[in-house]
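Peer 1: Sending over a structure as structure tokens; questions will come in a sec.
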Amino acid sequence: MSDAEALLIAQDLRREYHMGDDLVRAVRGVSLRVNRGDYVAIVGPSGCGKSTLLNLVGGIDHPSAGSVTIDGARIDQMSDADATRFRLRHIGFVFQRFYLMPALTAIENVELPMAEARLPRNHRVRRARELLAYVGLGDRHDHRPAQLSGGEQQRVAIARALANKPQLLVADEPTGELDAKTGTEMIELIAQVNHDGTTIIVVTHDEDLARAARRVVHMRDGVIVDDRRQDPP
Amino acid sequence: MLLQLAWATLTRHRSRTLLAILGVAVSAAMLLDMVMLSTGMRVSLRNLLLSRGFQLRLAPKGTLPFDTDATIPDASTVIRVLRTIPDVTTISPVLGGQLHITVGGRTITATALGVDPSVQGDFEIAQGRIPAAPNELVASDDFLRASGAKLGDTLSAAAGYDPQLRSFTGRRALVLVGRAHFFYMPAEQRAVALPITTLQQMRGTDARDRASLFMIRARDGADVEAVLHRIQTALPTVTAVSTETALRQVDERLSYFRQLAFILGAVSLAVGFLLVTTLVTVSVNERLGEIVVMRAIGVARSRVVLQIVIEGVAIMFVGALAGLLLGLATARYLNSILAAFPGLPAAIDFFLFEPRDAWGALGLLTVAGILAGIYPSWRGASLPIAITLREEAVG
Amino acid sequence: MLAALLLAAFTQTIDSIPVRPPPRTVAIDERLAADARIKIGDRLVVTATPGGIGDTVVVGAIVRRRADPSEVARADYRVIMHLDELQSIVGYGDRVDRFAVATRGAAATDSAIRHINDAAFGFQAYRSREIAVETSRTFLVVSRFHRAIGVITIVASAIFLLCIMLLKVDERRRDVAALRLLGISARSIVRSVMVEAALVAVFGSGVGVALGWVAAQLVNWHYRGVYRTPLAFALITPSIVVLAVTLSLVLGLAAGLLAAQRLVRMPALELLTGRREERRGENALSS
């Protein structure tokens, strides 16, 4: 695998933090390369360090040691402001608990990252409408999060994550708060997003979601214990 | 978008926002009142003193005009000396005293001003005319109400009472020729004005060629302080005060209110600041998840801070505007209380609305709103994203 | 007249003025003593007009002004001297401005007033109380003003307290939800929230009283310095403490009750997730 193909290169990543008097070694030397267009599922038991790894490669946490390079940029060495700008343009986030802005409507939530990127209003409204239609919520523009179901909220969150056309979408347990049927719909949507060209890394306990990925990385006790490719269904 | 988000957040918690606005409004009203109080007296007194164009006043040595019963002797000499001083254009002597005026068998005591009718600056005629002849006088509404006297009536007036003879002294029949509004009299003062020579004669030897006060007008554009200095040199036995000096002295007398205004104004500002800080802190704590997610999706820390600060400023600003109206209403009420302050001219307002001061107060509150929002929002926006998300998920 | 003399009082050292023995004594007030650096035993010349001929006197006492609110802002000096000497200096003859008359009791006062007024010497007798009321009009106006300011301050404090208490109770939504899920009754939860609100209110008002006491000391220290008076400008009285504690307790309990009842009316699960509440309550107090 050449560096040109690799979108993300994580090398010997370590993350340690204190919890009370204890030193927790959440990630203990993980190296990972993710190609452009890939769809990686990171799985493992609770507390194995998969969410910490996702935070590190997503640029919202700093490694204690090691490096993270995305599209040739060392995000572990960036200042807070530079990392924030990088995330805005290059990485989309989807969280288990959706975390939409409750005060904003669906379309406003999707517009938010574009507004931050200083896109003209007409441009961002048009794209937000397209994205909401893409995730199947063309008729729910003006609903607030509290007026949407869990599945709908997560769709809005995915639309928001795709707003600035990121190269990488990271998702932490995106089906964790959804029922089986909605979860299945979500898995299909994420697969569609990947199919349309976005590189995806998900952390999940959901076997169905993991099965939908092209590559499954198993973690245990802060290290990768298995990393294999699979044929998506 | 930030404004949109701030607006949406504020309207989402309407009751809380309303309560906060109300709290800020009361603080703002108090602050405005105190700003009005701290400058009101001074400005309205200045306006009053300068309203007739007299920039200088001469009073008996060591006193303020009409602060005591003391008088200046040799008034005619004083006038002569004053006329020799360059830039002095008008000299208006005033003698104070009391007149016992009998109307319909009742005797009413009134404060009397002896003036030179041609240059007087103590009253304006509301009805009738200036008392030009030696046996004429004008009276205030309160005197007319109390006495029932009408224009054209001839009144029996006396300037003193002799306890030995048990009779009035300095009696004179005076014709009421006008109804006047007295500028420097306290509210509800029964006042009359008559030619100074008449009052001097009525008061007898006590007041012969004496005056309580000289009001002096200097030429337009003249250096008033220089004229004051020349007067002080020429007349060392009287106290000459410029409007500025008078204001300083009155300021000293009423400094309590200024100090009170400062303390209460500062307390109001602090309460408003504390209220907004508390609200913003609670609001930030409630929305930590939202805040760190905004950071995660690439919203700059300064923009997150700005969005939260906008909320604080919006509360402060709307509260301050509401406080402006509330403040004007309470100032009216408080002014009506202080209007009863003994001895002060009715024309003095303790609370005077000066647009510049009002905007200053509102600006101060808005700045307080910004400062109140900055710390909690910066703290919220600086939290480590990953750890906070984990805690929020657990919490 | 006395004030005229005092304001025109002119003091100078004895060296340049011939002494007419025996000098009488005067009492001067603290401010004059401090400002002119006059000590007991110093000789002064007192005149009615600046540069006029006056009497030489000896400072026999330095007196502190009474704590009289109506005089607090007066910056003039005060000299107390023998009556005949003052009359002679100001050329007032055998005259006085007023007499103070002591009587044997209330009934005697009535009768004395009646007798003096009937005698009709041109005098009018007043009770000391009436004079005091008249001379303390300034104080009465200031008192009314203070009361009005006090009412406004109480309104502001009430709103502030209400706001804080509502927020404080609202912060407990997750705890309340957990208690409800454990099967604790709504009544017990309301009671517990109200006890907490009461404790916060009482503790807060205790801290407030302490802060108020410190502020009062500072205000008194400041104003006593500015006006050079022993007057107390701010006093924390027991009734004020009772008012403050009662007010905060009542407001605290009211806010606690309001917020707690709102919380317990919501299904516990929705309270925990906040989802349904948000869907339902666009105008909810908080979420």
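Top to bottom, those sequences are chains A, B and C. Using the working numbering, you'd call the opening residue of the first sequence number 93 and step up by one each time. Using the working numbering, you'd call the opening residue of the second sequence number 34 and step up by one each time. Using the working numbering, you'd call the opening residue of the third sequence number -11 and step up by one each time. No residue lacks a Cβ here, since even glycine has one placed at the ideal position from N, Cα and C. Keep in mind that this is a model prediction, so the values were computed, not measured.
Under 7 Å, CB to CB, which of the residues in the region 130 to 153 of chain C have a partner in chain B?
Peer 2: So the close ones are Arg132, Phe133, Ala136, Ile137, Ile140, Val143, Ala144, Ile147, Phe148, Leu150, Cys151 and Ile152.
Peer 1: For B/Asn168, report the span of its alpha helix (DSSP H) as first-last.
Peer 2: Element bounds for B/Asn168: n/a, residue is neither H nor E.
Peer 1: For C/Arg267 and chain B, any beta-carbon pair shorter than 8 Å?
Peer 2: Residue placement at C/Arg267 is flagged as unreliable, the pLDDT there being 39, under the threshold of 50; the coordinate-derived value follows with that caveat. With 8 Å as the cut-off, C/Arg267 does not count as an interface residue toward chain B.
Peer 1: Please confirm if B/Gly428 has its CB atom under 8 Å from at least one CB of chain A.
Peer 2: Below a pLDDT of 50, predicted positions are generally treated as unreliable, and B/Gly428, at 47, falls in that range; the measurement from the model is reported next regardless. Closer than 8 Å: no.
Peer 1: Could you tell me which chain C residues have their CB closer than 7 Å to the CB of B/Pro375, listed as they occur along the chain?
Peer 2: In chain order: Arg125 and Thr126.
Peer 1: Would you mind working out which of B/Arg223, B/Ala299, B/Leu357 and B/Leu91 sits nearest B/His392, comparing C-alpha positions?
Peer 2: It is worth fixing the name first, because residue 392 of chain B is Trp in this sequence and not His. If we check each option's Cα against that of B/Trp392, B/Leu357 comes out closest.
Peer 1: Would the C-beta of B/Pro167 count as close to the ligand NAD, meaning under 7 Å from any of its heavy atoms?
Peer 2: Summarising the ligand content, the structure contains no ligands, and the ligand NAD is consequently not present.
Peer 1: Name the chain A residues that come within less than 8 Å of B/Leu51, Cβ to Cβ?
Peer 2: Those within 8 Å of B/Leu51 in chain A number zero; the least Cβ separation is about 16 Å.
Peer 1: Do you know whose CA, among C/Trp201, C/Asp98 and C/Leu74, lies nearest C/Ile228's CA?
Peer 2: Minimum Cα distance to C/Ile228 is reached at C/Trp201.
Peer 1: Does C/Asp17 come within less than 8 Å of chain B when only Cβ atoms are used?
Peer 2: With 8 Å as the cut-off, C/Asp17 does not count as an interface residue toward chain B.
Peer 1: Quick check on C/Ile2: does DSSP put it in helix, strand or coil?
Peer 2: At C/Ile2 the pLDDT is 42, less than 50, meaning the model places this residue with poor confidence; the figure from the coordinates comes in the next sentence. Helix, per DSSP.
Peer 1: Pick out the complete alpha helix (DSSP H) segments inside the region 67 to 91 of chain C, 4 residues or longer, and give them in chain order.
Peer 2: The qualifying runs are 71 to 78.
Peer 1: For chain A, find out if any of its Cβ atoms is closer than 8 Å to the Cβ of B/Gly406; answer yes or no.
Peer 2: No, no contact with chain A.
Peer 1: Going along chain B in order, which residues have a C-beta closer than 8 Å to the C-beta of C/Thr37?
Peer 2: Neighbours of C/Thr37 on chain B, chain order: Lys94 and Thr270.
Peer 1: Rounding to the nearest angstrom, what Cα-Cα distance links B/Gly47 and C/Ala189 in this structure?
Peer 2: Residue identity check: residue 47 of chain B is Arg in the sequence provided, not Gly. In a straight line, the C-alpha of B/Arg47 is about 25 Å away from that of C/Ala189.
Peer 1: CA-CA distance, C/Thr126 and B/Gln222?
Peer 2: Roughly 16 Å between the two C-alpha positions.
Peer 1: Could you check how far apart the C-beta atoms of A/Ala207 and B/Met34 are, in whole angstroms? I think they sit under 8 Å.
Peer 2: Correct: roughly 4 Å between the Cβ atoms.
Peer 1: Are the C-beta of B/Ser415 and some C-beta of chain C separated by less than 8 Å?
Peer 2: It does not: the Cβ of B/Ser415 has no partner Cβ on chain C nearer than 8 Å.
Peer 1: Strictly under 8 Å for the Cβ-Cβ distance: is B/Leu307 near chain A by that measure?
Peer 2: Not closer than 8 Å to any Cβ of chain A, the Cβ of B/Leu307 fails to qualify, so no.
Peer 1: Note down the Cα distance separating A/Asp279 from A/Leu146, rounded to an integer number of angstroms.
Peer 2: Rather than Asp, the amino acid found at residue 279 of chain A in this sequence is Ile. About 18 Å.
Peer 1: For C/Thr(-1), would you say it is in contact with chain B, using Cβ-to-Cβ distances shorter than 8 Å as the test?
Peer 2: In this prediction, C/Thr(-1) has a pLDDT of 42, which is less than 50 and means its spatial position is unreliable; what the coordinates show is noted afterwards. Judged by the 8 Å Cβ criterion, C/Thr(-1) is not in contact with chain B.
Peer 1: Mark B/Ser84 as exposed unless 16 or more other C-beta atoms lie within 10 angstroms of its C-beta, in which case mark it buried.
Peer 2: B/Ser84 should be labelled exposed.
Peer 1: Residue range of the beta strand (DSSP E) that A/Leu138 falls in?
Peer 2: The amino acid occupying residue 138 of chain A in the given sequence is Ser; Leu does not appear at that position. Premise fails: A/Ser138 is in no beta strand (DSSP E) and is neither H nor E.
Peer 1: Quick one: what's got a C-beta closer than 8 Å to C/Asp30's C-beta in the same chain, skipping five residues either side?
Peer 2: Same-chain partners within the cutoff: Val46 and Val47.
Peer 1: Please compile the residues from chain C whose C-beta is within a distance smaller than 8 Å of the C-beta of B/Leu371.
Peer 2: Val129 and Phe133, listed in chain order.
Peer 1: Which chain A residues are close to B/Leu38, counting only those with a beta carbon under 7 Å from its beta carbon?
Peer 2: Ordered by position in chain A, the residues that pass the 7 Å Cβ test against B/Leu38 are Met193, Ala195 and Leu196.
Peer 1: Please state whether DSSP places A/Gln188 in a helix, a strand or coil.
Peer 2: In the structure shown, A/Gln188 sits in coil (DSSP, three-state: anything other than H, G, I, E or B).
Peer 1: Any beta carbon of chain B sitting closer than 8 Å to that of A/Arg247?
Peer 2: No, A/Arg247 lies away from the interface with chain B (no Cβ there is under 8 Å from its Cβ).
Peer 1: In whole angstroms, what is the alpha-carbon distance linking B/Leu152 and B/Ser125?
Peer 2: The residue you asked about is not Leu; residue 152 of chain B is Val in the sequence shown. Going by the C-alpha atoms only, they are around 6 Å apart.
Peer 1: Determine whether the Cβ of A/Arg120 lies closer than 8 Å to any Cβ atom of chain B.
Peer 2: False, the Cβ-Cβ gap to chain B never drops below 8 Å.
Peer 1: Spatial neighbours of C/Leu(-6) within its chain, please: CB distance less than 8 Å, with the 5 preceding and 5 following residues excluded, ordered by chain position.
Peer 2: Because C/Leu(-6) sits at a pLDDT of 41, beneath the cut-off of 50, its placement in the model cannot be relied upon, and the following sentence gives the value as read from the coordinates. If we look at C/Leu(-6) and ignore the five residues flanking it on each side, its Cβ neighbours are Asp64, Tyr65, Arg66 and Val67.
Peer 1: I'd like to know if C/Leu(-5) contacts chain B, where contact means its C-beta is closer than 8 Å to some C-beta of that chain.
Peer 2: With a pLDDT of 37 at C/Leu(-5), under the threshold of 50, the modelled position of that residue is not reliable, and no figure is offered here.
Peer 1: Quick one: is C/Ile41 buried, meaning 16 or more other Cβ sit within 10 Å of its Cβ, or exposed?
Peer 2: Exposed, by the Cβ-count rule.
Peer 1: Quick check on this structure: which residue in A/Thr176, A/Ile293 and A/Val227 has the alpha carbon closest to the alpha carbon of A/Gly243?
Peer 2: When only C-alpha atoms are compared, the closest one is A/Val227.
Peer 1: Sort B/Ala240, B/Thr72, B/Phe201 and B/Ile264 by Cα distance to B/Arg113 and report the nearest one.
Peer 2: For B/Arg113, the nearest C-alpha among the options comes from B/Ile264.
Peer 1: I'd like to know if C/Val214 contacts chain B, where contact means its C-beta is closer than 8 Å to some C-beta of that chain.
Peer 2: Yes - at least one Cβ of chain B is within 8 Å of the one on C/Val214.
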